[in-house]
Amino acid sequence: MAYSEYWNPKNETLPREQLQALQLAKLQRMTQWAYARSPFHKQRFDAAGFHPDQLNTLDDLRRIPFMTRDEWMATQAEQPLFGALPTTSQENAIRYHLTSGTSGSVPIRVLDGMKDWEWIAEMWSYGFWGFGVRPDDVVYFAFGYGSFIGFWGAHYCCEKLGSLVIPGGAQTTEARIKQIVEMGVTTVCSTPTYALRLWQQAQEMGIDLTQSAVNKVILSGEPSGSIPAVKRQLEEAWGAKVGDTAGMTELGTIMIFECSHQPGGTHIIEDHFIEEVVNPETGEPVPYGELGERVVTSFGRGFIPVLRYRTKDMVLKVPYSTCDCGRTGDIYQGGIRGRWDDMKLIRGTNVYPRAVEALIREHDAIDEFQIYIWRNDIRDEITIKVELKPGREDEWPALSEELANELAAAHEGLRFIIELMPPGTLPRFELKAKRLKDDRPIAVY
4 MAYSEYWNPK NETLPREQLQ ALQLAKLQRM TQWAYARSPF HKQRFDAAGF HPDQLNTLDD
64 LRRIPFMTRD EWMATQAEQP LFGALPTTSQ ENAIRYHLTS GTSGSVPIRV LDGMKDWEWI
124 AEMWSYGFWG FGVRPDDVVY FAFGYGSFIG FWGAHYCCEK LGSLVIPGGA QTTEARIKQI
184 VEMGVTTVCS TPTYALRLWQ QAQEMGIDLT QSAVNKVILS GEPSGSIPAV KRQLEEAWGA
244 KVGDTAGMTE LGTIMIFECS HQPGGTHIIE DHFIEEVVNP ETGEPVPYGE LGERVVTSFG
304 RGFIPVLRYR TKDMVLKVPY STCDCGRTGD IYQGGIRGRW DDMKLIRGTN VYPRAVEALI
364 REHDAIDEFQ IYIWRNDIRD EITIKVELKP GREDEWPALS EELANELAAA HEGLRFIIEL
424 MPPGTLPRFE LKAKRLKDDR PIAVY
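In our numbering, the protein residues as written are 4 to 448.
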């Protein structure tokens, strides 16, 4: 099969009317499958008075009850290890994965069959081909291979595309840099945080990554992948085009990706997913251009169906016409903007970690940072702990004042304490960065 046929651009460029007809047909099929085979979904559907036969238009999607992480964890607890979700015997599974543990203390456990896993790799192929990965690319995964699903699907996608795949697990950062240069890597895949760390390590080794063969850096795992200041730093550091993607263990794969036209957001793979944006308080849909919560329905994972799953991700959807690449999947402007449950209330002011990072990353002298929330006897305080890049110490007095003023201006005058930390004292991350530390005592009522 020719690669142009493999990509199959027909589904990515379907007129909206045909795309919605395809979504309806797939939705009908998936709900029927879930109702017949998954005790979890049958119970939920019956309790809500919903039956798959009621799906006559896409508007009928809202008849399906929302699915939440709490429900998922509850069914796992009641029937270890996988709850009442699976539609078939565990004997038919070929993959087992866990969530990364960034939300909640109990990880979500998932199983995939062979057909599911083929689909997962295909979804990553949408994103990687869309960003420009081709058979002659050498793709490096700066990723520790374990039970977290991470870039597993992307690894197999690159094999499907015919690219040379180099897994970079179980190595030091220095060893990874050497391998990237030695193997003539053209595409690096990592979290935004670790892409910055690789560049910093290369500098310490006297290696200029802009002179390497790397021309694409593909990010995933953190909301900062679509922050303009972060992307700008990375593009300058690597001398490469930088693109964002996002997936979820619960959904099995990538659902959104940035194409090579870089429209300032990520395309939704709408021939394989329905992505709603709802008001997080009321659950009602919100229009284009309004911030809301992602609710995702997947058509590809049959082992554990996921229907109207509340992700708690903050997104803002805009029409597909925002990008001139020809794809008809709508776009999340700015990608994933964080999580609604990451918001912190400090003295009556809402503070979102992604918004704080967006301001911090505008200052090139800053190497690493941490958002530290604490209680000073009678009131909450927020401190930004900062490490500077080597040789930039003289900039600190002016930088700290400027950053404090910018953060206050963006947060209704809230005072941020800016604290300079010695080099190497703040934690570094390979996978999802955890830069928010909330040390306030838990209220007991």
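For each residue, glycine too, the CB sits at the ideal point set by N, CA and C. These figures come from a predicted structure and were not determined experimentally.
Give me the residue from the options with the minimum Cα distance to residue i.
i, options, result
"P195", "T213, T175 and A232", "A232"
"E94", "M117, G338, A216 and V109", "M117"
"Q203", "H414, M251, K392 and D441", "K392"
"E162", "Y143, A412 and G147", "Y143"
"R137", "Y148, L114 and V168", "V168"
"Y159", "A411, L362 and W127", "W127"
"R438", "M251, T71 and A358", "A358"
"T428", "E365, D442 and E390", "E390"
"L423", "E396, E409, V281 and F134", "E396"
"P430", "M70, R40, R443 and E371", "E371"
"I257", "P444, G130, G286 and A77", "G130"
"C326", "H275, I349, F260 and E365", "F260"
"L22", "G52, G351, E384 and F276", "F276"
"N340", "R350, A361, F69 and G332", "Checking the sequence shown, residue 340 turns out to be Arg, not Asn. Checking every option, the nearest Cα to that of R340 belongs to A361."
"S229", "V184, Q265 and F53", "Q265"
"P426", "N379, I369 and D380", "I369"
"Q174", "G165, L201, S166 and E74", "L201"
"D274", "E415, L254, F302 and F69", "F302"
Along the beta strand (DSSP E) that carries residue i, what are the first and last residues, could you check?
i, result
"I387", "R382 to L391"
"Q336", "I334 to Q336"
"H44", "It is not in any beta strand (DSSP E) - H44 instead sits in the alpha helix (DSSP H) that spans P42 to A51."
"L222", "K219 to L222"
"G268", "G268 to I271"
"Y99", "R98 to L101"
"L423", "I420 to L423"
"M258", "I257 to F260"
Mapping the DSSP letters down to three states, classify residue i as helix, strand or coil.
i, result
"P170", "strand"
"G156", "helix"
"A205", "helix"
"Q21", "helix"
"V109", "coil"
"C326", "coil"
"F143", "The question names Phe, but residue 143 in the sequence shown is Tyr. The answer is strand: DSSP assigns Y143 an E or B state."
"T314", "strand"
"N11", "In this prediction, N11 scores a pLDDT of 45, lower than 50, which makes its location untrustworthy; no coordinate-derived value is stated."
"G228", "helix"
"M251", "coil"
"C161", "helix"
"F276", "strand"
"D195", "According to the sequence as given, residue 195 is Pro; it is not Asp. In this structure, P195 counts as helix in the three-state DSSP scheme."
"R66", "helix"
"L58", "coil"
"T213", "helix"
Note the first and the last residue of the continuous alpha helix (DSSP H) segment covering residue i.
i, result
"V184", "T176 to E185"
"K118", "M117 to F134"
"E296", "Taken as a continuous stretch (DSSP letters only), E296 belongs to no alpha helix (DSSP H), being part of the beta strand (DSSP E) at L294 to S301."
"M76", "R72 to E81"
"A232", "P231 to W241"
"K437", "Careful: K437 lies outside any alpha helix (DSSP H) and carries neither H nor E."
"N408", "W399 to A413"
"L362", "P356 to I363"
"E340", "Looking at the sequence provided, one finds Arg at residue 340 rather than Glu. Here R340 belongs to no alpha helix (DSSP H), and DSSP marks it neither H nor E."
"F372", "Where F372 is concerned, there is no enclosing alpha helix (DSSP H), although the beta strand (DSSP E) it sits in stretches over I369 to N379."
Ordered along the chain, which non-local residues of its own chain (more than five positions away) have a Cβ less than 7 angstroms from that of residue i?
i, result
"L84", "R112"
"F306", "P89, T90, T91, A96, L114, D115, G116 and D119"
"E3", "Past the boundaries of the shown model lies residue 3; the chain is included only from 4 to 448, so the question cannot be answered."
"P42", "A87"
"G172", "F146, G147 and Y148"
"R418", "A411"
"R350", "R382, D383 and L417"
Identify, in the order they occur along the chain, each residue of the same chain with its Cβ nearer than 6 angstroms to the Cβ of residue i, setting aside the five sequence neighbours on each side.
i, result
"E15", "R330"
"I421", "I387, S403, L406 and A407"
"W10", "In this predicted model, W10 has a pLDDT of only 41, less than 50, meaning its place in the structure is not dependable; the value taken from the coordinates is given anyway. W132, listed in sequence order."
"V321", "Y291, I334 and Q336"
"D441", "I376"
"Q214", "none"
"A198", "V220 and L237"
"C328", "C262 and H264"
"G394", "none"
Using a Cβ-Cβ cutoff of less than 8 angstroms, which residues in the same chain neighbour residue i once the five nearest sequence positions on both sides are dropped?
i, result
"Q35", "P55"
"E296", "V280, V281, N282, P283, R313, T314, K315, D316, M317, V318 and W343"
"E81", "A87"
"D211", "A205"
So is residue i in contact with chain D if we call contact Cβ pairs under 8 angstroms?
i, result
"E422", "Protein chains in the displayed structure number just one, and chain D is not present."
Check: Using 8 angstroms as the Cβ pair cut-off and three pairs as the minimum, do the region 238-252 and the region 220-229 touch?
Finding: yes
Check: When the Cβ atoms of the region 401-418 are set against those of the region 233-241, are three or more pairs found closer than 8 angstroms?
Finding: no
Check: At a cut of 8 angstroms, does the region 151-169 reach the region 122-138 through at least three beta carbon pairs?
Finding: yes
Next item on the list: Give a yes or no on contact between the region 58-68 and the region 25-44, applying the rule of three or more CB pairs nearer than 8 angstroms.
Entry: yes
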